[in-house]
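Notes follow once the structure below has been shown.
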Amino acid sequence: MIEEKFDAIVVGAGASGNACAYTMAKLGLKVLQLERGEYPGSKNVQGAILYADALEKIIPDFRDDAPLERHIVEQRQWTMTDSAHVGMHFRSEEFNEDRPNRYTIVRAQFDKWFSRKVREAGVTLLCETTVTELLRNNSGAVIGVRTDRADGVAFANIVVLAEGVNGLVGQRAGLRDVVTPESVALAVKEMHFLPREVIEERFNLKGNEGVVIEAMGTITKGMTGTAFLYTNAESISVGIGCLVSDFQGTGQTPYGLLEAFKNHPSIKSLLAGSECKEYAAHLIPEGGYKAIPQLYGDGWLVVGDAGQFVNAVHREGSNLAMTTGRIAGETIAWLKVRRDAATAANLSEYQRRLDASFVMKDLKKYKNIPDFLHKSGAHLFGLYPRLIAQAAQTWFRVDGKDKRAKESEIIKSFTRSRSLSGLLGDAFKLARAWR
Amino acid sequence: MSGTSVGTVLPKVEEKLFQNRYMVDAGRPHIRLSINGEPSAALRSLVTTCPAGCYTDNEKGQIELVTDGCMECGTCRVVTAKTGEIEWQYPRGGYGVLYKFG
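Just so you know, the sequences run in chain order L and S. Using the numbering used here, read the first sequence as starting at 1 and increasing by one per residue. Using the numbering used here, read the second sequence as starting at 1 and increasing by one per residue.
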């Protein structure tokens, strides 16, 4: 396919692959990037929130021309039952700053922009090219890739696997196990279009301000999962996701769950009159720290979702993808300067740098949360939302009942449904997993 | 009962998929079933779990697969990793789902 040998081949043109390819090219490396989609972004799905900090560390002036939808001024955290939501909202004028911290984006558009930056930096990008396997030398070191193009092999000192959560290449090469149904969520999402003014009126926004709603509760029918609604410039992203194993266990359909969420009385009016233009599905790594596979070996390393880099508690992923991609790129360039080969021993520097970053620190902090959610899902996503909404109802309804009686009614509703020891046990387990 | 009002008919998944763009690789499905005997519970679960409704069960209790609406999420691959009832490849470069927004 391509005769010349590259410093690095990057498999995939998503957030992590682009971050890595761009970083290496800017540091003077000769990079080949392979993407199976017709254009970068055509296979990529995200909510999507862009975290400025991670991208600023790669392209400091990205705000000049990146396709950004809205900067977020308001976060709504909702606990939902079938007929209610209890919300914690945070809105601040201070989010209207010169360099906003978070933006909503539309991935297909953002990825095209990011890819243009990558190519301008000097990376050779080949789209419509699916990598089918890794090429190895006699001692097992990875030396290149085979693709589905005729005569489609390419060689490099190192292959960066930025192939996403469903990364076949690394799994088939035995570099990591296939993810389990318990450690990935299946999320479905729709894009609903509305005039800009309607969105601004409905969400109390001016200019490019945006709102994020993150929701949990009976909307996932006892399954471990969350739902979201994000305002874009002229559209709303709405979606819901749950662990694959929970979908299997309950027989719920992802599209049925999404329809029910969209028809929830708290959501329905926000989407009224909109036109749906796309339905998407994607897996999200949820296993956290304990699910992170071996990240490097002779001639290869892994970045982004393929390495399970998602902070499930904070719903962060794209920033971890960009950061792991950047750190991988910097490490590879550093080895080249030192004239060190891309051996497993030398690439352990990648792991050291990751361990020193927020990526591993955050994932380590929450390493027990996936187990906790798995075991306590039914209470957390069903029972407690119902109890909380019922308590709020009791508390806010003025009906001649005295407040002390209301208090004791609320407390009894909790201890009746989940014994005192059960309540304390859940709190203790959550606190321990959170620590 | 969810927030869905009584009498609301859930749209079929086909209507959702109708919004999407695909480049179909005619005659070359990227996922194939390789079943010997009874379908496993894992494979059977895909009738409801597949977000594109690609898997259906017929009156004989067999599982049928039509990949046209596939969004390449990989759920079926993960679910049947241990049973080996599915051969999953990425579509050839350029084929398959083409997200306009993602």
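Even glycine gets a Cβ: it sits at the ideal position worked out from N, Cα and C. Given the structure is predicted, the values throughout are model-derived calculations rather than measurements.
Under a CB-based cut-off of 8 Å, is residue i close to chain S?
i: G17 of chain L; result: no
i: N443 of chain L; result: Residue 443 of chain L cannot be examined here, being either before or after the span of chain L that is shown, 1 to 435.
i: D399 of chain L; result: no
i: Y51 of chain L; result: no
i: L108 of chain L; result: It should be noted that the sequence gives Ala, not Leu, for residue 108 of chain L. Chain S, which has a Cβ nearer than 8 Å to the Cβ of A108 of chain L, makes this yes.
i: D148 of chain L; result: yes
i: Q46 of chain L; result: yes
i: G251 of chain L; result: yes
i: V11 of chain L; result: no
i: T231 of chain L; result: no
i: Y255 of chain L; result: yes
i: V302 of chain L; result: no
i: V310 of chain L; result: no
i: V178 of chain L; result: yes
i: S376 of chain L; result: no
i: G174 of chain L; result: no
i: T220 of chain L; result: no
Please report the residue range of the alpha helix (DSSP H) in which residue i lies.
i: R404 of chain L; result: K403 to S417
i: N319 of chain L; result: S318 to V337
i: Q390 of chain L; result: Y384 to F396
i: F110 of chain L; result: R107 to E120
i: T49 of chain S; result: A41 to T49
i: F381 of chain L; result: Element bounds for F381 of chain L: n/a, residue is neither H nor E.
i: K189 of chain L; result: Run containing K189 of chain L: none in the alpha helix (DSSP H); it sits in the beta strand (DSSP E), V184 to F193.
i: Q252 of chain L; result: From DSSP, Q252 of chain L is part of no alpha helix (DSSP H); its letter is neither H nor E.
i: I199 of chain L; result: R196 to R202
i: T180 of chain L; result: T180 of chain L -> no alpha helix (DSSP H), and no H or E assigned at all.
So with CB distances below 7 Å, who are the chain L contacts of residue i?
i: S45 of chain S; result: Q248
i: K16 of chain S; result: Y255 and Y279
With 8 Å as the threshold, decide whether the Cβ of residue i is near any Cβ in chain L.
i: R77 of chain S; result: yes
i: C73 of chain S; result: yes
i: Q19 of chain S; result: yes
i: V13 of chain S; result: yes
i: P51 of chain S; result: yes
i: T123 of chain S; result: This structure cannot settle anything about residue 123 of chain S, because the visible part of chain S is limited to 1 through 102.
i: S2 of chain S; result: At S2 of chain S, the pLDDT of 39 sits below 50, so the modelled position is not reliable and the matter cannot be decided from this model.
Should residue i be listed as close to the ligand SAM, given that the test is whether its C-beta is under 7 Å from any heavy atom?
i: K403 of chain L; result: The ligand SAM is not among the ligands present in this structure, which contains no ligands whatsoever.
Report the neighbours of residue i on chain S: residues whose CB is nearer than 8 Å to its CB, in chain order.
i: T104 of chain L; result: By Cβ distance, chain S contributes nothing, its closest Cβ being about 12 Å from T104 of chain L, past 8 Å.
i: V244 of chain L; result: T49, T75, V78 and V79
Looking at the unbroken beta strand (DSSP E) that takes in residue i, where does it start and where does it end?
i: A156 of chain L; result: V153 to L161
i: R102 of chain L; result: R102 to T104
i: M223 of chain L; result: Element bounds for M223 of chain L: n/a, residue is neither H nor E.
i: A173 of chain L; result: Looking at the DSSP string, A173 of chain L is not in any beta strand (DSSP E), and its letter there is neither H nor E.
i: E87 of chain S; result: I86 to W88
i: S235 of chain L; result: S235 to L243
i: A281 of chain L; result: E275 to P285
i: V131 of chain L; result: V131 to R136
i: E56 of chain L; result: Note, E56 of chain L: premise wrong, no beta strand (DSSP E); alpha helix (DSSP H) at A52 to E56.
i: L33 of chain S; result: I31 to L33
i: M23 of chain S; result: R21 to M23
Under 7 Å Cβ-Cβ, which residues of chain B neighbour residue i?
i: V145 of chain L; result: No chain B is part of this structure, whose protein chains are labelled L and S.
Am I right that residue i and residue j are in contact with their C-beta atoms under 8 Å? What's the rounded C-beta distance?
i: T104 of chain L; j: R70 of chain L; result: 5 Å
i: G377 of chain L; j: S16 of chain L; result: No, G377 of chain L and S16 of chain L are not in contact; Cβ-Cβ is about 29 Å, not under 8 Å.
i: V79 of chain S; j: A42 of chain S; result: 5 Å
i: A306 of chain L; j: E182 of chain L; result: With a Cβ gap of about 18 Å, A306 of chain L and E182 of chain L do not count as contacting.
i: T231 of chain L; j: M216 of chain L; result: About 19 Å separates the two Cβ atoms, so there is no contact after all.
i: H282 of chain L; j: V45 of chain L; result: 4 Å
i: G235 of chain L; j: Y99 of chain S; result: Position check: residue 235 of chain L holds Ser in this sequence, whereas Gly was assumed. Wrong, their Cβ atoms sit about 14 Å apart, outside the cutoff.
i: S34 of chain S; j: E87 of chain S; result: 6 Å
i: T218 of chain L; j: M80 of chain L; result: 6 Å
i: G222 of chain L; j: G382 of chain L; result: 4 Å
*For the segment 267-284 of chain L, enumerate the residues whose C-beta is nearer than 8 Å to any C-beta of chain S, in chain order.*
I267, K268, C276, K277, E278, Y279, A280, A281, H282 and L283
*Residues in the segment 82-102 of chain S with C-beta within 9 Å of chain L's C-beta atoms, listed in sequence order?*
K82, W88, Q89, Y90, P91, R92, G93, G94, Y95, G96, V97, L98, Y99, K100, F101 and G102
_Residues, ordered as in the chain, of the segment 21-43 of chain L that lie near chain S by beta-carbon distance below 7 Å_ = R36, E38, G41, S42 and K43
*Using a Cβ-Cβ cut-off of less than 7 Å, give me the residues of the segment 181-192 of chain L that come near chain S, in sequence order.*
P181, V184, L186, V188 and M191
*Where the segment 110-129 of chain L meets chain S: residues whose CB sits under 8 Å from a CB there*: D111, C127, E128 and T129
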